[in-house]
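S.K.: Right, I'll just put the structure down here and ask away after.
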Amino acid sequence: MITLEQSTHLPCEYKYPVHSYSFVISMYSRLFRLPSTTRRTFHTLSALNMPANHRKVTIIGSGPAGHTAAIYLARANLEPTMFEGMMANGFAPGGQLTTTTDVENFPGFPEGVLGGELMDKLRAQSERFGTEIITETISKVDLSSRPFKLWREGNEEESEPTDTSDALVFSTGASAKRMFLPGEDKYWQNGISACAVCDGAVPIFRKKPLAVIGGGDSAAEEAIYLTKYASHVYVLVRRDQLRASKVMADRLLKHPKVTVLFNTQATSTHGDGSLLNALTIKSTISGEETKLDVNGLFYAIGHEPATALVKGQIELDNEGYILTQPGSSLTSIEGFFAAGDVQDKRYRQAITSAGSGCMAALDAERWLSEHEATE
Ligand SMILES: Cc1cc2nc3c(=O)[nH]c(=O)nc-3n(C[C@H](O)[C@H](O)[C@H](O)COP(=O)(O)OP(=O)(O)OC[C@H]3O[C@@H](n4cnc5c(N)ncnc54)[C@H](O)[C@@H]3O)c2cc1C
1 MITLEQSTHL
11 PCEYKYPVHS
21 YSFVISMYSR
31 LFRLPSTTRR
41 TFHTLSALNM
51 PANHRKVTII
61 GSGPAGHTAA
71 IYLARANLEP
81 TMFEGMMANG
91 FAPGGQLTTT
101 TDVENFPGFP
111 EGVLGGELMD
121 KLRAQSERFG
131 TEIITETISK
141 VDLSSRPFKL
151 WREGNEEESE
161 PTDTSDALVF
171 STGASAKRMF
181 LPGEDKYWQN
191 GISACAVCDG
201 AVPIFRKKPL
211 AVIGGGDSAA
221 EEAIYLTKYA
231 SHVYVLVRRD
241 QLRASKVMAD
251 RLLKHPKVTV
261 LFNTQATSTH
271 GDGSLLNALT
281 IKSTISGEET
291 KLDVNGLFYA
301 IGHEPATALV
311 KGQIELDNEG
321 YILTQPGSSL
331 TSIEGFFAAG
341 DVQDKRYRQA
351 ITSAGSGCMA
361 ALDAERWLSE
371 HEATE
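Below you can see the structure in the form of structure tokens.
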């Protein structure tokens, strides 16, 4: 493999591991000035032999964290490549915000901005400074040695990786757990949400009865947050007690605008065709079903960080989030930096993801320069 130090002295097209066909072809094409069509043919042929494209820094994931990292890395002339994914983890390139309409709390947009539009702008900004964006999903990584090895989807059975990278920014995001109740597809984002902080202030929820599903600390926090806007908040708890800490549970149970319905689960959602207006709820003891008139349903049953790719290779916490050193994006593996929801179970906001993307880029930049100095 070409070393990090060697790679920094080569022009961009030559940054392949020296054993790969692409490296050899690139060198020959340049040296002997082969016509570009011939070079393209060579590249197509070499693709069949799985050349590993080597890069200094690669970003996996294309939400606010990944794009902010890309902007910083590209402006630092590190020529980052981003794998933005192809419906990776169930999300289109751009991530979770592509599944929502108005984002009202991202600074700089006093009138709010559509989630998809915000992500288009971030993508354009990443490209403006030279980020190479590849619309493919990384389906396998080997972090056991550097350069890190990456396989694009469809190539995971091959022994040779498709790509290698000295540093990685991992920003694959997370997804909220949902119950997919009957009617949910119709009313998702039209009365059903998984983020009280994101959506609680939206007019359709103001002064309306709302429901929260969940019995842990997050559910208690979300329910108490929603009392600012709602006429009343029902918390549906499947068991006969809350999992939340005693302090949070006490706050919830004492709140005048909250009713906790124990031994209760939602079984279906109803609405007027455009907005949610009721749930069917069922007693887990008697099985009896009743209707609960609510204009909002908020899931607070946990999130799934997108860490399957690195599980067993890097330190994760007991819920599967990547562990970072406090106040940084540094992980248990040198040269591997984590940003966004994949390492944050507390805030999970677009702006905090973007902030941690900036941290990852600066950490990666520092690490690469220190590494170059010592190699
Ligand atoms: C419906 C909804 C509404 C929201 N509203 C707001 C709001 O109003 N305000 C706010 O601040 N926050 C909001 N959030 C939260 C916000 O969207 C997230 O905190 C933020 O998007 C997290 O950013 P991220 O960069 O960590 O990753 P994500 O946005 O989760 O994006 C990760 C991306 O990486 C891609 N990816 C994953 N694995 C791979 C792989 N192996 N290879 C390549 N690509 C991969 C995924 O496909 C995805 O596109 C909302 C979330 C949801 C679901």
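Residues in the sequence shown are numbered from 1 upward in steps of one, following full-length UniProt numbering. Glycine included, every Cβ here is placed at the ideal spot set by N, Cα and C. The model shown is predicted, which means the values in this text are computed figures rather than measured ones.
If you measure between the beta carbons of Asp341 and Ser353, is that distance less than 8 Å?
M.R.: Position 341 of the sequence shown holds residue 341. Position 353 of the sequence shown holds residue 353. Yes. Within cutoff.
S.K.: Quick one: what does DSSP say Leu48 is sitting in, helix, strand or coil?
M.R.: Stepping through the sequence shown from its first residue, residue 48 is reached at position 48. Confidence in Leu48 is poor, its pLDDT being 47 and thus under 50, which makes the residue's placement too unreliable to answer from.
S.K.: Apart from the five residues on each side of it in sequence, which residues of its chain come closer than 7 Å, Cβ to Cβ, to Asp293?
M.R.: What you label residue 293 is simply residue 293 of the sequence shown in a count that begins at 1. Same-chain partners within the cutoff: Pro209, Asn277 and Ala278.
S.K.: Quick one: Cα of Glu334 to Cα of Val233, how far?
M.R.: Within the sequence shown, numbered from 1, the residue matching residue 334 stands at position 334. Within the sequence shown, numbered from 1, the residue matching residue 233 stands at position 233. When rounded, the distance between both Cα atoms is 46 Å.
S.K.: Identify every run of the beta strand (DSSP E) within the segment 137-223, keeping only runs that are complete inside it and at least 3 residues long; order them along the chain.
M.R.: Runs found: 138-142, 148-152, 163-170, 174-176 and 209-213.
S.K.: Residue ranges of each beta strand (DSSP E) run of no fewer than 3 residues wholly in the segment 287-315, ordered along the chain?
M.R.: Here the runs fully enclosed are 289-292, 296-299 and 303-305.
S.K.: Among Lys56, Thr137, Gln349 and Gly355, which one has its Cα closest to the Cα of Cys195?
M.R.: Counting from 1 along the sequence shown, the entry for residue 195 is found at position 195. It is Gln349 whose Cα lies nearest to the Cα of Cys195.
S.K.: First and last residue of the beta strand (DSSP E) that includes Glu334?
M.R.: The count along the sequence shown starts at 1 and reaches residue 334 at position 334. Taken as a continuous stretch (DSSP letters only), Glu334 belongs to no beta strand (DSSP E), as it is neither H nor E.
S.K.: Between the beta-carbon of Gln125 and the beta-carbon of Ile71, is there less than 8 Å?
M.R.: As a first step, residue 125 must be located in the sequence shown, where it is residue number 125. As a first step, residue 71 must be located in the sequence shown, where it is residue number 71. It is a contact, given that the beta carbons lie within the stated cut-off.
S.K.: So the candidates are Thr98, Gly115 and Thr99; which of them puts its Cα closest to the Cα of Asn105?
M.R.: Within the sequence shown, residue 105 is the residue found at index 105, counting from 1. If we check each option's Cα against that of Asn105, Gly115 comes out closest.
S.K.: Apart from the five residues just before and just after Asn295, which ones in its own chain have a Cβ nearer than 8 Å to its Cβ?
M.R.: Locating residue 295 in the sequence shown gives position 295, where the first residue counts as 1. Same-chain partners within the cutoff: Gly191, Ile204, Phe205, Lys208, Pro209, Leu210, Leu275, Leu276 and Asn277.
S.K.: Please name the residue in Glu222, Ser231 and Lys121 whose C-alpha comes closest to that of Tyr299.
M.R.: Residue numbering aside, residue 299 sits at position 299 when the sequence shown is read from its first letter. For the residues Glu222, Ser231 and Lys121, the minimum Cα distance to Tyr299 belongs to Glu222.
S.K.: Please work out which residues of its chain come closer than 6 Å, Cβ to Cβ, to Arg178, disregarding the five sequence neighbours upstream and downstream, and give them in chain order.
M.R.: Taking the first residue of the sequence shown as position 1, residue 178 is located at position 178. So the qualifying residues of the chain are Tyr299.
S.K.: Spell out a yes or no on whether the segment 84-102 and the segment 141-148 are touching, meaning 3 or more CB-CB pairs, one atom from each, closer than 8 Å.
M.R.: Judged by Cβ distances under 8 Å, the segment 84-102 makes no contact with the segment 141-148, as fewer than three pairs qualify.
S.K.: Return the residue from the list Gln265, Asn318, Val103 and Ala360 that minimises the CA-CA distance to Phe336.
M.R.: Numbered from 1 along the sequence shown, position 336 holds the residue referred to as residue 336. The shortest Cα separation from Phe336 among Gln265, Asn318, Val103 and Ala360 belongs to Ala360.
S.K.: Which of the three DSSP states is assigned to Gln241 in this structure?
M.R.: Translated into positions along the sequence shown, residue 241 becomes position 241. If DSSP states are grouped into helix, strand and coil, Gln241 belongs with coil.
S.K.: Here's a check: name, in chain order, each residue in its chain whose Cβ is nearer than 6 Å to the Cβ of Asp240, leaving out the five neighbours to either side.
M.R.: The count along the sequence shown starts at 1 and reaches residue 240 at position 240. So the qualifying residues of the chain are Phe262 and Asn263.
S.K.: Take Cys358 and list the residues in its own chain whose beta-carbon comes closer than 6 Å to its own, dropping the five residues that flank it on each side.
M.R.: Counting from one through the sequence shown, the residue named residue 358 turns up at place 358. For Cys358, where only same-chain residues beyond five positions count, the Cβ hits under 6 Å are Thr68 and Tyr72.
S.K.: Going by the DSSP bridge assignment, what does Ala350 pair with across the sheet?
M.R.: Indexing the sequence shown from 1 puts residue 350 at position 350. Paired residue(s): none; Ala350 is not in a bridge.
S.K.: Would you mind working out which of Glu157, Ile133 and Leu97 sits nearest Cys198, comparing C-alpha positions?
M.R.: Here the question's residue 198 lines up with position 198 in the sequence shown. Out of Glu157, Ile133 and Leu97, Leu97 has the C-alpha closest to the C-alpha of Cys198.
S.K.: Over the uninterrupted beta strand (DSSP E) stretch that includes Tyr234, give me the two end residues.
M.R.: Residue numbering aside, residue 234 sits at position 234 when the sequence shown is read from its first letter. Tyr234 -> beta strand (DSSP E) spans His232 to Leu236.
S.K.: How long is the line joining the alpha carbons of Val24 and Thr162, rounded to whole angstroms?
M.R.: For the purposes of this step, residue 24 is taken as residue 24 along the sequence shown, with counting starting at 1. For the purposes of this step, residue 162 is taken as residue 162 along the sequence shown, with counting starting at 1. Low local confidence applies: a pLDDT of 32 at Val24 is under 50, so the model's placement there is unreliable, with the coordinate-based value given in what follows. When rounded, the distance between both Cα atoms is 16 Å.
S.K.: Could you have a look at Met119 and say whether DSSP puts it in helix, strand or coil?
M.R.: The residue you call residue 119 lines up with position 119 of the sequence shown. In the structure shown, Met119 sits in a helix (DSSP, three-state: H, G or I).
S.K.: Given a threshold of 16 other Cβ atoms within 10 Å of its Cβ, counted over all protein chains shown, does Asn53 qualify as buried or as exposed?
M.R.: On the sequence shown, residue 53 is found 53 positions in, with the first residue counted as 1. Buried is the call here.
S.K.: I'd like the span of the beta strand (DSSP E) that includes Leu261, first residue to last.
M.R.: The residue labelled residue 261 in the question sits at position 261 within the sequence shown. First-last of the beta strand (DSSP E) with Leu261: Val258 to Leu261.
S.K.: Considering only DSSP beta bridges, list what Asp102 is partnered with.
M.R.: Residue 102 sits at position 102 when you count from the first residue of the sequence shown. Its beta-bridge partners are Leu114.
S.K.: Going by the C-beta, is Val169 closer than 7 Å to any heavy atom of ligand 1?
M.R.: Position 169 of the sequence shown, counting from 1, holds the residue named residue 169. The answer is no for Val169.
S.K.: Just to confirm the assignment, what range does the beta strand (DSSP E) spanning Thr324 have?
M.R.: Looking up residue 324 in the sequence shown gives position 324. Unbroken run through Thr324: none, as it is neither H nor E.
S.K.: Hey, would you say Phe170 sits closer than 8 Å to Ile134, going by beta carbons?
M.R.: Taking the first residue of the sequence shown as position 1, residue 170 is located at position 170. Taking the first residue of the sequence shown as position 1, residue 134 is located at position 134. Cβ distance not < 8 Å, so Phe170 and Ile134 don't count as in contact.
S.K.: Check whether the Cβ of Phe106 lies closer than 7 Å to any heavy atom of ligand 1, and answer yes or no.
M.R.: Reading the sequence shown from its first residue, position 106 is the one you call residue 106. Result yes, Cβ under 7 Å from ligand 1.
S.K.: Compare the Cα-Cα distances from Gly173 to each of Pro80, Ala308 and Ile314 and report the closest residue.
M.R.: Numbered from 1 along the sequence shown, position 173 holds the residue referred to as residue 173. Of the listed residues, the one whose Cα sits closest to Gly173 is Ala308.
S.K.: Let's test the definition: count the other Cβ atoms within 10 Å of the Cβ of Thr108 and tell me whether it reaches 16, buried, or not, exposed.
M.R.: As a position in the sequence shown, residue 108 is number 108, starting the count at 1. Sequence inspection shows Gly at residue 108; the Thr mentioned does not correspond to that position. Exposed, by the Cβ-count rule.
S.K.: Please confirm whether any heavy atom of ligand 1 lies closer than 7 Å to the CB of Leu297.
M.R.: On the sequence shown, position 297 is the one that residue 297 refers to. No, Cβ of Leu297 sits at least 7 Å from all heavy atoms of ligand 1.
S.K.: Is Ala360 helix, strand or coil when you go by DSSP?
M.R.: Position 360 of the sequence shown, counting from 1, holds the residue named residue 360. Three-state DSSP puts Ala360 in a helix.
S.K.: Kindly examine ligand 1 and report whether one of its heavy atoms sits closer than 7 Å to the Cβ of Leu323.
M.R.: To locate residue 323, count along the sequence shown from 1; it is residue 323. No, ligand 1 has no heavy atom inside 7 Å of this Cβ.
S.K.: Look up Lys282 in the DSSP assignment and give the residues it is bridged to.
M.R.: Your numbering for residue 282 matches position 282 in the sequence shown. Answer by DSSP bridge pairing, in chain order: Gln265 and Glu289.
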